[in-house]
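Its first residue numbered 1, the sequence shown is counted upward by one per residue in my numbering. Heads up, the beta-carbon is just placed ideally off N, CA and C, and yes, glycines get one too. The next block holds one structure in the form of structure tokens; read it before the comments.
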Amino acid sequence: MAPENPAPRPGNVPLATAGLLLGMLLSVLDQTVVAIALPDIAADLGGMDGIGWTVTSYVLASTATGALYGRVSDRFGRGAVFVAAVAVFVTGSALCGLAQTMPQLIAARTLQGVGAGALFVIPTIALSELYPRRLRSRVQGFTGGVFALASVGGPLAGGAITDAWGWRWIFYVNLPLGLLSMALTAFALRLPRPGGNGRVDVAGAVLIAGATVSLLLVAEWGGRTYAWTSGVILALAGTVAVLTALFVRRERRAADPLLPPRLFAHPTLRVVLPATALLGALLGGSILYLPTHLQAAYGMGATRAGLALTPYVLVFMVVSSLAGARIGASGRFRPYLVAGAAIAVLGFALLSRVTSGTPYAVFAVEIAVLGLAFGLLTQNLVVVAQNAVGPADLAATTSAALSVRGLGLSLGVAVSGTLLTRELHGRAPGPEATVEAIPDVLFWGAPAAAVLVALMALLPRAVDRPAAGEKAPRMADAPS
């Protein structure tokens, strides 16, 4: 059984939790909040050809840096690194609001993304250290709810803010919220430093960041901006292969590797990490096009389409919380994860059959089925990975799980975009073509989810239970 959490020092668990979750909320919101304001941004700053990079630059920076922050926080402490990352995120947000040209905005979004790389990773690690193992699933269930709320609520919030105050305020609103997150965390989070005194594996971080960015560019550009056989795509694919090989070699030789090779030899992690990447692809490939379908099929505006996704969000949030509590009490993950993957197969199969004549009530039930599946899967997969290792590897394992999920999510968005482009080819432009094409894209989620069922079936039947007598920290006290 893995050692239990280190003994806490005085702090305040509720305030620390609030500060961490607020930072997490900001990081996910800013992946999606910009999308609805893109036309206004392009009209104000010009440069319509580069407008997509205001989203892509953020995703690339946050995904590429995510794996680094776990190890950095081992060395310098969770609270200190989290506060520094939020400060970078807030600075980037302010610069986004002040941008006068498209290149300035893209550069500021990149800086924002560098800070955001820590804003989901470190809270996921710290919350697992703040609470005892028996409560880990329940607490991580709340982070799954935050993820769902922010993913769907981003376009809704972005539309409302843009309509009321202008697009710059979708960035300015991050300032008070980010400062509040920093204040709460600095005041309340007290976790003993894990004791990583070695050097941070900067070379490994550069190699994995380069490989990640190159892979995402292959998925983003391949088949759309450039042909799959073009020199640009082939060069990027070659770069991915070379940098990945160099990263593996580096990690085997490094004294304090970014991602210790022993993690990938663990039988549970060998299943969980690819499953988490596949789940990320299913999340990204579905949530991107559900609002688009609502707008095309039912003539909804952006705000109404966001509200129409409420069944998905509510079910995701409730199930994520309740399932986490049940699993924490029993220690039996596999039945819930297998069920979640099987329900995902059903959800995608149902959504692949929707048409322009499908009543919204039927569509609402179908997206609620998908919310049920993702609520069972999203954070519980992370907890399985965390429970498989001891405290010394907690940060590296969490970083690896969240990084591959973020990578999968980005790849899912890119691949779904390529599939949609293919499905729309040869059809007359218009809402009807979109309504017909999106279900054909969602169809591919069913076989992918079937692979997820097979992976979940390979997991052990139960995970380690917390040691007898282990107690949760008092609500007036917390580790930092």
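Quiz prompt | Close Cβ partners of phenylalanine 82 (< 8 Å) along its chain, the five nearest in sequence each way excluded | solution = Leu20, Gly23, Ser73, Ala118, Leu119, Ile122, Pro123, Ala126, Thr185 and Leu189
Quiz prompt | Buried or exposed by the 16-neighbour rule on C-beta atoms within 10 Å, applied to asparagine 5 | solution = Low local confidence applies: a pLDDT of 49 at asparagine 5 is under 50, so the model's placement there is unreliable, with the coordinate-based value given in what follows. Flag for asparagine 5 reads buried.
Exercise. Could you name the residues that DSSP lists as bridge partners for glycine 222?
Key: Tyr226
Practice problem: Measure the alpha-carbon distance for aspartate 256 versus threonine 63 and round it to whole angstroms. | Solution: 21 Å
Quiz item: If you run the structure through DSSP and keep just helix, strand and coil, what is tyrosine 289?
Solution: coil
Quiz item: Thinking just about the alpha-carbon of each residue, which of Val202, Arg270, His293 and Ile233 is nearest to the one in alanine 254?
Solution: Val202
Exercise. Would you decide whether tryptophan 167 is buried or exposed? Buried here means 16 or more other CB atoms lie within 10 Å of its CB.
Key: buried
Practice problem: Taking leucine 403 as the reference, give the member of Thr268, Gly66 and Ser151 with the closest Cα. | Solution: Here residue 403 turns out to be serine, not leucine, going by the sequence shown. When each option's Cα is compared against that of serine 403, the closest is Gly66.
Practice problem: Could you tell me how far apart the beta carbons of serine 352 and alanine 446 are, in whole angstroms, since I believe they sit closer than 8 Å? | Solution: 7 Å
Exercise. Tell me the start and end of each unbroken alpha helix (DSSP H) in the stretch 123-205 that is at least 4 residues and wholly inside, in chain order.
Key: 133-165, 169-172 and 174-188
Quiz item: How long is the line joining the alpha carbons of arginine 109 and tyrosine 336, rounded to whole angstroms?
Solution: 38 Å
Quiz prompt | Nearest residue (CA-CA) to alanine 341, options Trp228, Leu26 and Leu452 | solution = Leu452
Quiz item: Okay, do the stretch 144-156 and the stretch 303-313 touch, 3+ Cβ pairs below 8 Å being the bar?
Solution: yes
Quiz item: Would you report the Cα separation of phenylalanine 247 and serine 399, rounded to the nearest angstrom?
Solution: 16 Å
Quiz prompt | Collapsed DSSP secondary structure at arginine 559 in the structure displayed | solution = With the chain covering 1 to 480 only, the question about residue 559 has no answer from this structure.
Practice problem: Could you tell me whether the Cβ atoms of alanine 219 and leucine 411 are closer together than 7 Å? | Solution: yes
Practice problem: Decide if the stretch 143-153 is in contact with the stretch 421-438; the criterion is three or more beta carbon pairs, one per stretch, under 8 Å apart. | Solution: no
Practice problem: Assign glutamate 432 to buried or exposed, taking buried as 16 or more other Cβ atoms, counted over all protein chains shown, within 10 Å of its Cβ. | Solution: exposed
Quiz item: Would leucine 263 pass as a contact of threonine 397 if the rule is Cβ separation under 7 Å?
Solution: yes
Exercise. Let me know the secondary structure DSSP gives arginine 405 once reduced to three states.
Key: helix
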